[in-house]
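Notes for the one structure printed next.
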Amino acid sequence: MRSNVRNVDTVARLGGEEFVIVMPDTHETFAVRIADRLRQRIADTPTLLPDGRALTVTVSIGCAMREMLDDESMEALMKRADVALYRAKDAGRNRVEQALPATTDGSVA
202 MRSNVRNVDT VARLGGEEFV IVMPDTHETF AVRIADRLRQ RIADTPTLLP
252 DGRALTVTVS IGCAMREMLD DESMEALMKR ADVALYRAKD AGRNRVEQAL
302 PATTDGSVA
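Using the working numbering, you'd call the opening residue of the sequence shown number 202 and step up by one each time.
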């Protein structure tokens, strides 16, 4: 994953099969484009098993944006990304979904 993002971006594993990529100073359109490029590269790169068989892996991605001046907590931002991730899974998997904007009360719109 690291080779698919910029040097200023941070890639971290949250646990299990969940990862987060923090992309500072990034427009939403660019972030979604990068996420989709990552999704496609993973789908296009088979994993070879010890017995020689190739395994194709796909990913579902939820993208959430936060403006620097927003007072949205990281917990709320991650929740919006998680909701978008489950929308991607519910829509058939192997896709990128953008999170809905945060509301003023901190809930998801």
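Cβ coordinates follow ideal geometry from the N, Cα and C atoms, glycine included.
Keep in mind that this is a model prediction, so the values were computed, not measured.
Cβ neighbour criterion (16 or more within 10 Å) applied to residue i
i      : result
Leu249 : exposed
Ser204 : exposed
Ala292 : exposed
Met266 : buried
Arg238 : exposed
Pro263 : Note that residue 263 is Gly in the sequence shown, not Pro. So Gly263 ends up on the buried side.
Minimum C-alpha distance to residue i - residue among the options
i      : options                           : result
Arg240 : Ala303, Thr257, Gly253 and Pro251 : Thr257
Val209 : Val221, Phe220 and Pro225         : Pro225
Asp283 : Val206, Met202, Arg207 and Glu218 : Glu218
Val223 : Asp252, Pro247 and Met279         : Met279
Ala285 : Glu276, Ser274, Glu273 and Leu301 : Leu301
Phe231 : Ala255, Leu215 and Val206         : Val206
Asp272 : Thr304, Val297 and Thr211         : Thr304
Ser261 : His228, Arg242, Thr211 and Met269 : Arg242
Residue i in three-state terms, based on DSSP
i      : result
Thr211 : strand
Thr246 : coil
Ala236 : helix
Glu219 : strand
Phe291 : Residue identity check: residue 291 is Asp in the sequence provided, not Phe. Looking at Asp291 - three-state DSSP - the assignment turns out to be helix.
Asp271 : coil
Opposing strand residues paired with residue i [DSSP bridges]
i      : result
Gln299 : Cys264
Ala255 : Leu249
Residue i: CB within 6 Å of a non-hydrogen atom of the ligand NAD
i      : result
Ala303 : This structure lacks the ligand NAD; in fact it carries no ligand of any kind.
Expected contact under 8 Å - CB spacing of residue i and residue j to nearest Å
i      : j      : result
Thr246 : Asn295 : In fact, because the Cβ distance is near 13 Å, the residues do not count as touching under 8 Å.
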